[in-house]
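Taking it in order: structure first as structure tokens, then the write-up.
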DNA sequence: AAATCCATGAAGTGAGGCTACAGGGCGGCG
DNA sequence: CGCCGCCCTGTAGCCTCACTTCATGGATTT
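Residue numbers (the working numbering), protein chains in the order written: chain G, 21 to 332; chain U, 21 to 332.
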């Protein structure tokens, strides 16, 4: 089965007539007709039927045209792939960031990638659930991901995992709140207040359960929201407490809420970069991953975090 | 860019040497060498480098080989498509069922499809979250799905939606439990007992919240489990109450638990069949969908449900 | 240094897709 | 109702291009 013939079928499905198809492919109608005939003989299936003075695709023809379209897009991807290698090395790198990763890493990373001459670095936003991160590696060279249970979940899927950061979860407390006076919070301190959840994929409930066990008393769960900003605002407005990732939330600390670490409870998420192994092996990708690791390290060691060392 | 040339590159990536590639494709090494040369000139990219007395793919070559593999799989899908049309109409239909849909519909449906002569009906099990159902339509002709918010969520994605069944959620109560004596339960009746959740995608929390509002008192949430059988067993063992889909759970009623409908609270899930519109238009698919609707209706009107009419 | 393996180049051949042209079915229009 | 025009299809001939054969040269092994 030949790709050119499939393309003709696809074109015919779009244009409707043999003549228009021929024109679109810059050949004569006769050529189109002949190729269709050969395709049908080769497949042993009737793809087109005469209809009036034109032709109409059969169901099989429509189905094959659909399949042909998929082949076309695969071909287009191949063409796109080659475009990124015209200089002899991969010059286009596409990466997917979830919101807080973009906030943390992008500003610094964009500066760093400028050092690689000729590199086009494209950052895209994606906000999938945990299972969705892995699938994105089909569409992007590098996928920033976070996980509750450590980086191993992704490695089990056959992906290359580059650990970037382990980010603790702290308790966000309204400014002026009674708990804001303490530098460290214990389960008994926080158990009585209503909780606003962080988005799915964070160990919100796991941590809350730890707190319940330690305090030996049930916690009050209020609604969860899929946006850290909303949670920050809710906490600031005094609606309750929340568990927020430290490095992300720290920048906004002081706008109505403060962060306090939990004592006696282990709570953090790992932030990693994912790539398919064959992609990760490429030198350009390696370079970008190295820059990403450097950026992550400098984020973790940033002055504003050292100033906030009391959180540890 | 020609598919045959890409295949040669792919083969070379697998086999490692021009000679082996030539043998695999039943041509002479010279032919392979020439095609690779043409491909490189046409793409303007170096794909192979001499290495010792053999050759080695460059990074661009490896990347292109990967892209070529994707094109190959698309081609294979096209071939598979045509196989299902050798009789002039689609003879193979692949459908995806989530567990309780399989339990409800498959036994009867398999009988019905036997009436279509020459049809190969393949049922597969898939258990995705709500967002995942839509994606399955790329891999299956028909996808059984359930949704909390009615069928519209899928229609918005451009999918054809065939409503099959609206299944109420009832309260599962341990046999001999105080509440088992009542034929209908109200929010105040059930609010005090611990709840076991149904899997994600069921309106477990939505319903529970309605109950809380009606009873004006918080409910006690115990763990949720992604398996209805486990929940049934937990209820039977007296660990608490649960919300279970009526038609699915009814068959097991009596094995330690009974179902009681909720009054004053609207709780149900819609079960639908999904298909890409182009697929749904095919006559074979239409036939199967018709059978599926018929089976769904006969499930809803089944004797054991009429016997349990007091549930309504 | 000879032998061997592997890839590549040059020349010739053949399959197959294309054009040009002719023919035939179907619908529209006077 | 018959003529015209549109659209598809068939045939003959050309020409492109992938393949084979044969020959050459670089790299590794003994």
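Even glycine gets a Cβ: it sits at the ideal position worked out from N, Cα and C.
Straight-line gap, residue i to residue j (C-alpha atoms, nearest Å)
i, j, result
"residue 29 of chain G", "residue 310 of chain G", "46 Å"
"residue 96 of chain G", "residue 177 of chain U", "24 Å"
"residue 99 of chain G", "residue 72 of chain U", "30 Å"
"residue 33 of chain U", "residue 133 of chain G", "31 Å"
"residue 55 of chain U", "residue 65 of chain G", "31 Å"
"residue 248 of chain U", "residue 268 of chain G", "38 Å"
"residue 126 of chain U", "residue 175 of chain U", "24 Å"
"residue 159 of chain U", "residue 139 of chain G", "36 Å"
"residue 92 of chain U", "residue 120 of chain G", "38 Å"
"residue 262 of chain U", "residue 167 of chain U", "19 Å"
"residue 74 of chain G", "residue 52 of chain G", "13 Å"
"residue 77 of chain U", "residue 68 of chain U", "4 Å"
"residue 211 of chain G", "residue 300 of chain G", "45 Å"
"residue 315 of chain U", "residue 266 of chain U", "17 Å"
"residue 108 of chain U", "residue 57 of chain G", "16 Å"
"residue 257 of chain U", "residue 276 of chain U", "7 Å"
"residue 31 of chain U", "residue 59 of chain U", "14 Å"
Residue i, DSSP secondary structure in three states
i, result
"residue 120 of chain G", "helix"
"residue 321 of chain G", "coil"
"residue 247 of chain G", "coil"
"residue 102 of chain G", "helix"
"residue 69 of chain U", "strand"
"residue 294 of chain G", "strand"
"residue 211 of chain G", "coil"
"residue 52 of chain G", "helix"
"residue 190 of chain G", "strand"
"residue 131 of chain G", "helix"
"residue 262 of chain G", "strand"
"residue 92 of chain U", "helix"
"residue 227 of chain G", "helix"
"residue 30 of chain G", "helix"
"residue 74 of chain G", "strand"
"residue 332 of chain U", "With a pLDDT of only 44 at residue 332 of chain U, under 50, the local geometry of the prediction cannot be trusted, and the value read off the model is given with reservation. It is coil, neither helix nor strand."
"residue 203 of chain G", "coil"
"residue 108 of chain G", "coil"
"residue 305 of chain G", "helix"
"residue 25 of chain G", "helix"
"residue 167 of chain U", "strand"
"residue 146 of chain G", "coil"
"residue 40 of chain U", "helix"
"residue 176 of chain G", "coil"
Option nearest residue i by Cα separation, candidates the options
i, options, result
"residue 141 of chain U", "U/155, U/116 and U/260", "U/116"
"residue 292 of chain G", "G/313, G/283 and G/195", "G/313"
"residue 193 of chain U", "U/179, U/185, U/209 and U/187", "U/209"
"residue 281 of chain G", "G/234, G/319 and G/190", "G/190"
"residue 279 of chain U", "U/321, U/151 and U/197", "U/197"
"residue 317 of chain U", "U/224, U/108 and U/186", "U/186"
"residue 305 of chain U", "U/166, U/200, U/260 and U/180", "U/180"
"residue 136 of chain U", "U/212, U/110 and U/211", "U/110"
"residue 171 of chain U", "U/297, U/290 and U/277", "U/290"
"residue 118 of chain G", "G/94, G/103 and G/147", "G/147"
"residue 21 of chain U", "U/130, U/47, U/61 and U/321", "U/61"
"residue 307 of chain G", "G/258, G/129 and G/241", "G/129"
"residue 188 of chain U", "U/59, U/287, U/322 and U/46", "U/287"
"residue 322 of chain G", "G/124, G/260 and G/256", "G/124"
"residue 242 of chain U", "U/274, U/230 and U/224", "U/224"
"residue 274 of chain G", "G/164, G/88 and G/195", "G/195"
"residue 89 of chain U", "U/218, U/27, U/214 and U/231", "U/27"
8 Å contact criterion, which residue i and residue j should meet: CB distance rounded
i, j, result
"residue 303 of chain U", "residue 84 of chain G", "At roughly 16 Å, the Cβ-Cβ gap does not stay under 8 Å, so residue 303 of chain U and residue 84 of chain G are not in contact."
"residue 239 of chain G", "residue 254 of chain G", "Incorrect: roughly 16 Å between the Cβ atoms, too far for contact."
"residue 113 of chain U", "residue 162 of chain U", "7 Å"
"residue 200 of chain G", "residue 285 of chain G", "Actually they are not in contact, since the Cβ atoms of residue 200 of chain G and residue 285 of chain G sit about 19 Å apart, beyond 8 Å."
"residue 143 of chain G", "residue 294 of chain G", "15 Å between Cβ atoms; not a contact."
"residue 296 of chain G", "residue 104 of chain G", "With a Cβ gap of about 15 Å, residue 296 of chain G and residue 104 of chain G do not count as contacting."
"residue 251 of chain U", "residue 216 of chain U", "5 Å"
Residue i Cβ short of 6 Å to the ligand SAM heavy atom set
i, result
"residue 235 of chain U", "No copy of the ligand SAM occurs in the structure displayed, which carries no ligand at all."
What are the residues of the region 271-301 of chain U that lie near chain G, defined by any Cβ-Cβ distance shorter than 7 Å?
298
Name the residues in the region 60-80 of chain G whose C-beta lies less than 7 Å from a C-beta of chain U; which are they?
63, 64, 65, 66, 79 and 80
Proximal residues, the region 22-42 of chain G versus chain U, C-beta separation under 9 Å:
22, 23, 24 and 26
Beta carbons nearer than 8 Å to chain U: which residues of the region 105-127 of chain G have them?
Those residues of the region 105-127 of chain G that come within reach of chain U (Cβ to Cβ, closer than 8 Å) are 105, 106, 108, 109 and 110.
Under 7 Å, CB to CB, which of the residues in the region 133-160 of chain U have a partner in chain G?
Listed in sequence order: no entries.
When you check each C-beta in the region 199-233 of chain G against every C-beta of chain U, which residues fall closer than 7 Å?
none
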